[in-house]
Amino acid sequence: MIDMRTIVCLLIVVSCTATASADFQQSVRPLLEKHCIACHGPKKQEGDRRFDRLTGNLSAHPEEGDVWAVILEQLETDAMPPEKQPRPGASEVATATTWIKENVGQAYRLIARKMMRPENGNHVPHDRLFDPKTAEQAPKIAASPARIWRVLPQSYEDQQKWWLRAKGAAKVRGDSVLPAPFGLHPEHELKNYSFLYTLEASQTEGLANNARSLLIRMIDGDPKNDRSLIRKLALAKEPPGDEELDKVIVDLYRHWIGRDPEDDELASKRSFVAKQIKTFGNREGLIYGLVPVMAHPEVFFRREYGAPQASGEPSILPPQELADALNRALQDRGNSNHFARYVANGRLDSRDDVVAALADYEKHRKLSRAETVHRFLEEYFVYPHSLHVFKCPDDVKQQQKENGLLFRGFDATKTFGRDKAVGETHKVIDKILEEDRRVLTQLLTVRTDYMGKSDAVLEYEFQYNKRKAEGNIDRMEKELARTGEKKLPDDKRAKVTQELEKQRKRLAELIAQRKSPDPIGPDRMGVLTQRSWLVTHSTNTENHAIHRGKWVRERLLGGRIPDVPITVDAALPEDPTKTLRQRMQKTRNSECWKCHRLMDPLGLPFEQWDHFGSYRETELDRPVVASGEIIDSGDPKLDGPVSGPQELVQRLANSERVHQVFVRYAFRFWMGRNETLDDSRTIQNAYKAYKENDGSMSSLLRSLLTSDAFLYRTGAVPKEELSDEN
Amino acid sequence: MKISRRESMKYAALAASGAMVGSPFAPPVLQAAATTSDKGGPRRFVFFLFSNGLHPNHVRPKELLETAKTDKVIDVDMAAHKLPEWSAPIEAYRDRMTIIHGVNGEHCNTNHGSPFGCLAGVKKGKSPSAPTIDHAVSQLQPKTPLPMLGIGLSQLGTMQTSPISYSSSAAGEAKPLPLFSDPRMAYQNIFGCVAGGKSEAGFLAETAWYDQMLADSDRLRRRLAGEEAAKFDVYINGLKQAKQQRLDLVRIKDKLAKAKPDYNDRFENPQESGDWWQAGIDVGVAALQAGVTNVLTIDAGLSGPDGMPLDTLGLQGAVQQNGEGGKPRAINSHYLGHMNQMDESVWVTTRHYSFKMLDRVIKPLASTPEPGGQGSMLDNTLVVYTSDSGEVQHSTGIHWPFVLIGNLGGRFRTGRYIQYPTWGTSLNPGSGQWGKGRFQKRPDNGRTINALWATMLHAMGKPVDHFNLDGGRAGIDKLGPMEELLT
């Protein structure tokens with residue numbers, strides 16, 4: 005993170021161009037000439053890059069900023085020069101990178117921003133992060149930066165629903181809401197990083213029009229509705245008094261912003277609404293006047309400022325902000341604002357208060373089953389994306405033919421049964437979270453049947469269906485046994501008898517099926533072998549072993565894959581006579597293999613399934629080869645060949661490093677940012693809590709939500725330092 | 120996959136335009152490209168979607184019926200052919216139109232309509248997953264007060280209770296663009312500043328919203344520093360820009376006053392859905408005439424089966440005597456789509472109505488001289504008519520027909536009938552069962568809806584390889600535009 009002072013300093017330095025230029029000739033130019041210009045100079049411009057004309061003077065040549073950012077990244081990650089070329093010495097690199105950071109502020113900012121992106125979370129070295137010495141050296145309070153965090157689109161949409169319902173507005177098209185004209189990071193990464201989001205002109209305009217639309221809906225809603233003061237005032241003949249207007253405005257602030265307006269805010273809003281009412285009359289005046297309250301920036305941006313002191317020390321979030329942060333950390337939808345009550349009672353002022361409030365919460369619901377935990381696992385495994393991978397309907401029909409039982413009842417033109425597959429994964433995950441023991445191990449290794457259901461889910465479904473059938477049988481038997489006046493008429497009797505037979509047959513089938521395992525394929529093992537995950541990492545016609553391997557490398561091993569160089573044609577050769585594994589031989593070329601060795605051998609074991617996630621033993625009439633290898637994982641015990649997907653997954657699930665990486669991802673999800681070495685203690689504590697409590701997600705979450713990174717903020721401007729000029 | 124990394128990266132700059140626009144760090148790629156398309160006058164687009172399907176035979180001369188099954192591209196001069204009875208209202212534009220058949224959009228899942236799918240060439244959804252073509256071409260236009268304008272039409276009750284709709288258009292994944300369903304709101308937003316009386320005061324009050332929001336933002340902004348402050352400045356600038364947009368409208372007050380539609384009783388006291396259909400369309404056309412925007416999207420039916428103006432079609436309370444299952448069936452909007460579009464006379468009425476609404480767009484453009492240029496506004500416009508539901512209500516999307524009217528300043532061929540080889544074969548091309556085709560692999564020269572949209576970008580001076588055929592859709596069509604459409 006770069007603070008304002010750093011930026012100012014950097015900018016001052018950048019402006020001293022004469023000095024910078026002189027240093028450039030001594031600090032960087034020699035390295036570029038010795039190691040770079042042969043490939044990025046007048047003769048060759050690999051990757052469309054040319055360095056011989058760089059001046060290092062961004063004031064005169066601002067277009068150089070991007071190039072310097074690339075050079076800085078390549079040097080810092082030791083990605084360039086190419087492996088076989090002589091490498092610059094450590095001090096040479098240090099001199100050059102220091103010069104770039106100090107003199108090319110733009111490059112430094114660019115790369116700092118790049119490292120803030122979710123895909124670069126693994127940039128921080130894993131071993132150092134988990135080194136106890138790093139934790140010792142971390143700041144006394146490892147706070148997060150003060151920030152504003154845009155709300156989730158689903159939260160905004162749900163807030164509309166609750167407002168309309170609470171005020172008794174008419175239901176329109178099944179409680180339809182106005183979609184948020186903003187979304188989340190579209191890539192397959194953790195999506196809700198605070199720094200990624202703001203709002204633009206067309207979006208703010210859409211939100212203002214949405215607010216107007218909601219007000220119209222409220223006023224023109226159900227005529228019997230008398231719960232809405234806005235509606236009452238809009239239809240009244242006399243203009244509303246100040247007291248009534250204040251009530252409306254305070255009510256809107258509480259619902260949409262989660263706080264009361266300050267006195268000056270209330271006065272300003274009241275005066276604006278009153279002015280509109282005077283011009284347009286009650287109805288239109290209220291609509292024109294209240295839109296700015298419902299489209300207030302704090303409806304869309306939540307504050308996390310802390311209570312900054314002039315000393316610059318980190319400060320704990322004030323109760324209001326803390327309650328809001330806790331609500332958002334545990335739920336995406338709904339309007340219960342569970343933690344607001346602690347603010348009112350003055351019981352949300354310290355870490356201990358948060359511990360107590362979470363304990364209260366857990367009396368009703370396990371933390372591991374909070375709404376956000378499901379979203380975290382969806383984003384971590386990316387499995388719901390399987391719904392969006394286009395599959396040729398002809399291939400689907402073939403699948404249906406071969407796996408009749410599997411695809412039975414699904415419409416080939418829709419999602420090809422994949423919604424079912426996603427649903428099964430949801431259920432399996434839910435069961436694991438309910439149990440809340442060895443969570444990641446279970447996620448990676450839980451045995452599921454061919455359809456993707458775990459034993460726990462199968463048992464749950466069996467019991468549910470059995471209970472249902474027994475209940476029906478019981479009810480119908482009682483109906484048939486009625487005598488006297490209540491006796492069923494003959495025609496109905498015949499119908500019930502017929503239905504009773506059906507239910508008995510169904511119950512018998514249920515019990516019989518429970519004993520006979522599904523014959524279509526062998527058991528699956530964990531989320532990575534579920535249809536939803538496999539389809540997610542496939543193209544429309546084949547598996548995507550590279551993406552699967554990349555997922556394992558990043559999400560389980562905490563590794564990083566460099567960006568594909570622009571010069572590389574990343575297509576595999578097309579040859580219908582060869583398997584994917586054979587065609588992927590192309591990546592074994594030395595220049596490709598440097599990166600592909602980190603992905604391909606981790607993804608190829610999943611060739612055991614086709615691109616629909618169906619088990620196969622042959623491919624192109626040859627036996628499927630599902631072997632692979634773990635290379636350079638960072639944990640020597642992990643490295644080595646694997647015979648197939650089960651061995652791969654089992655070995656990963658047994659690795660401490662894999663569990664630590666999972667904790668890193670959880671940190672990022674709940675803090676909305678990448679970790680730094682300063683967060684080392686928070687992450688080590690979170691891992692400890694997770695490990696010591698038998699892999700409990702609740703413990704992990706409890707540790708994160710009571711950590712410095714969650715509770716403390718630094719960097720906001722203290723109120724007393726605000727001046728009119730600010 | 121046939122796209123090289125370099126090609127796909129070139130394209131990614133366009134396709135992902137909406138994807139990270141919300142990020143303060145995303146480069147405004149399409150805006151930057153706009154300079155290449157600023158030559159040669161405006162290039163206006165009108166997208167007109169009419170729900171519940173467009174039966175191919177409604178826009179196919181009868182004598183060309185046998186061409187429905189073809190394994191090569193058929194490119195016929197329309198001069199020798201007369202349009203069938205369903206298309207009578209647009210017969211007059213035969214020499215200024217191109218009819219396209221056999222476009223594939225199966226991946227949009229057109230059955231019952233394809234919200235956010237049709238104009239993007241991607242799977243439909245409640246939330247968009249990619250930018251739509253109207254947004255993409257709007258980003259290549261010279262600066263106008265509004266980049267594009269959307270009008271969403273449905274049944275009167277729906278439009279009254281949901282004055283803003285989101286159904287057809289998007290700036291990117293999860294970025295739906297609003298459509299005005301209430302024509303009063305559309306009129307107020309665009310022509311309010313020249314409407315006089317309360318409308319003018321209303322326009323000023325709306326502009327004042329942004330002052331209020333800017334003041335509220337300032338309270339938040341003052342406490343922020345560094346990167347967070349920079350991020351929030353993007354939002355503040357957005358508010359300023361939205362306000363500026365309104366001031367830009369004030370700047371072209373003269374043009375607005377000249378072009379503003381007649382604000383009649385139809386707006387304030389609609390008696391039937393058609394009153395607001397006409398009012399909404401009139402606002403849209405007037406916005407084009409006033410130079411408020413160069414891109415207009417009219418989503419008639421809100422990309423679903425339930426938005427047909429039954430009252431105006433005279434079908435309120437109507438019954439089909441020998442309906443589905445051999446029983447009398449009440450005709451509601453959805454059921455109208457179930458009815459055989461070839462056999463039922465109500466479908467002649469319905470199609471005629473949609474074309475009359477289309478003519479309400481075309482006629483004023485044809486009769487308005489191009490400001491500061493030669494010919495009429497229609498000469499520099501491309502009107503695209505289709506159904507978001509593909510070829511029928513229960514469609515597969517493999518026989519998707521399109522009607523293009525106008526040539527966008529001579530860039531599109533006109534007077535042509537073009538049939539592409541279809542991905543599937545219909546059991547009976549003469550029947551109403553177009554949706555029952557069988558999906559096959561892409562035939563040589565078969566093209567997708569994405570290629571059609573890519574062709575529009577080519578005509579705008581942006582020669583992309585494809586439009587939204589990335590990720591899971593990569594490779595389902597060949598690269599490049601539909602050459603047959605361009606001059």
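Residue numbers (the numbering used here), protein chains in the order written: chain A, 5 to 730; chain B, 120 to 606.
By construction, the Cβ of each residue, glycine as well, lies at the ideal position given by its N, Cα and C atoms.
This structure is a prediction, so every number in the text was calculated from the model and none was measured.
| Asked | Found |
| --- | --- |
| Amino acids of chain B, ordered along the chain, whose beta-carbon sits closer than 7 Å to that of A:H392 | K242, S248 and G591 |
| Backbone secondary structure at B:T505 - three-state DSSP | strand |
| N- and C-terminal bounds of the alpha helix (DSSP H) containing B:Q538 | Not the alpha helix (DSSP H): B:Q538 falls in the beta strand (DSSP E), residues R535 to Q538. |
| Supposed close pair A:V155, A:K165 - CB separation, criterion 8 Å | Actually they are not in contact, since the Cβ atoms of A:V155 and A:K165 sit about 14 Å apart, beyond 8 Å. |
| Within-9 Å CB hit, B:L296 to chain A | yes |
| Close Cβ partners of B:H453 (< 7 Å) along its chain, the five nearest in sequence each way excluded | P424 and D425 |
| Contained alpha helix (DSSP H) runs [length at least 4] in the stretch 388-468 of chain B, N- to C-terminal order | 392-408 and 452-457 |
| C-beta neighbour in chain A for B:D335, strict 9 Å | yes |
| Buried or exposed by the 16-neighbour rule on C-beta atoms within 10 Å, applied to A:I515 | exposed |
| Of the residues B:R213, B:L576, B:M601 and B:L501, the one placed nearest B:Q258, counting alpha carbons only | B:L576 |
| A:T445 - partner residues in DSSP beta bridges | BP columns for A:T445 are empty, so no partner. |
| Interface flag, B:P266 vs chain A, CB-CB below 9 Å | yes |
| Chain A contact residues for B:P282, given Cβ-Cβ distances below 9 Å | N213, R216, S217, I220 and R221 |
| Three-state secondary structure (DSSP) of A:D453 | coil |
| Beta carbon of A:E611 nearer than 9 Å to that of A:V629 | yes |
| Complete runs of the beta strand (DSSP E) confined to the stretch 170-200 of chain B [at least 3 residues] | 193-196 |
| Own chain partners of A:N544 with C-beta closer than 7 Å, once the 5 adjacent residues on each side are dropped | V393, F394, K395 and C396 |
| Within chain B, the residues that A:N544 reaches when beta carbons sit closer than 8 Å | G591, R592, A593, G594 and I595 |
| Where A:N126 falls, given that 16 or more other Cβ within 10 Å makes a residue buried | buried |
| Assigned secondary structure, A:K590 (DSSP; H/G/I helix, E/B strand, else coil) | helix |
| Beta-carbon proximity of B:V195 to B:Q538, cut-off 9 Å | yes |
| Among A:P722, A:K88, A:E724 and A:Y716, the one whose alpha carbon lies nearest that of A:S148 | A:Y716 |
| Assigned exposure category for A:V359 - 16 Cβ within 10 Å defines buried | exposed |
| Environment of A:Q313 [buried if 16+ CB atoms lie within 10 Å] | exposed |
| Helix, strand or coil at A:H548 [DSSP, three-state] | coil |
| Paired residues, beta bridge with B:S495 - DSSP | B:P488 |
| Whole-Å CB distance - A:F186 paired with A:Q207, under 8 Å assumed | 5 Å |
| Exposed unless 16 or more other CB atoms sit within 10 angstroms - verdict on A:Y468 | exposed |
| Where A:H392 falls: helix, strand or coil (DSSP) | helix |
| B:L455 versus B:T189 - alpha carbon distance | 30 Å |
| Interface flag, A:A720 vs chain B, CB-CB below 9 Å | yes |
| Runs of alpha helix (DSSP H) wholly within the stretch 46-117 of chain A (minimum 4 residues, chain order) | 68-80 and 94-107 |
| Among B:R566, B:T469 and B:I524, nearest to B:L484 - alpha-carbon criterion | B:I524 |
| Buried versus exposed call for B:A151 [16 or more other C-beta atoms within 10 Å across all chains shown] | Its pLDDT being 30, under 50, B:A151 is placed unreliably by the model, and nothing is read from it. |
| Near-chain B residues of the stretch 140-161 of chain A - C-beta to any C-beta below 9 Å | P149, A150, R151, I152, R154 and P157 |
| Stretch-stretch touch, CB-based, cutoff 8 Å, three pairs: the stretch 570-588 of chain B with the stretch 233-242 of chain B | yes |
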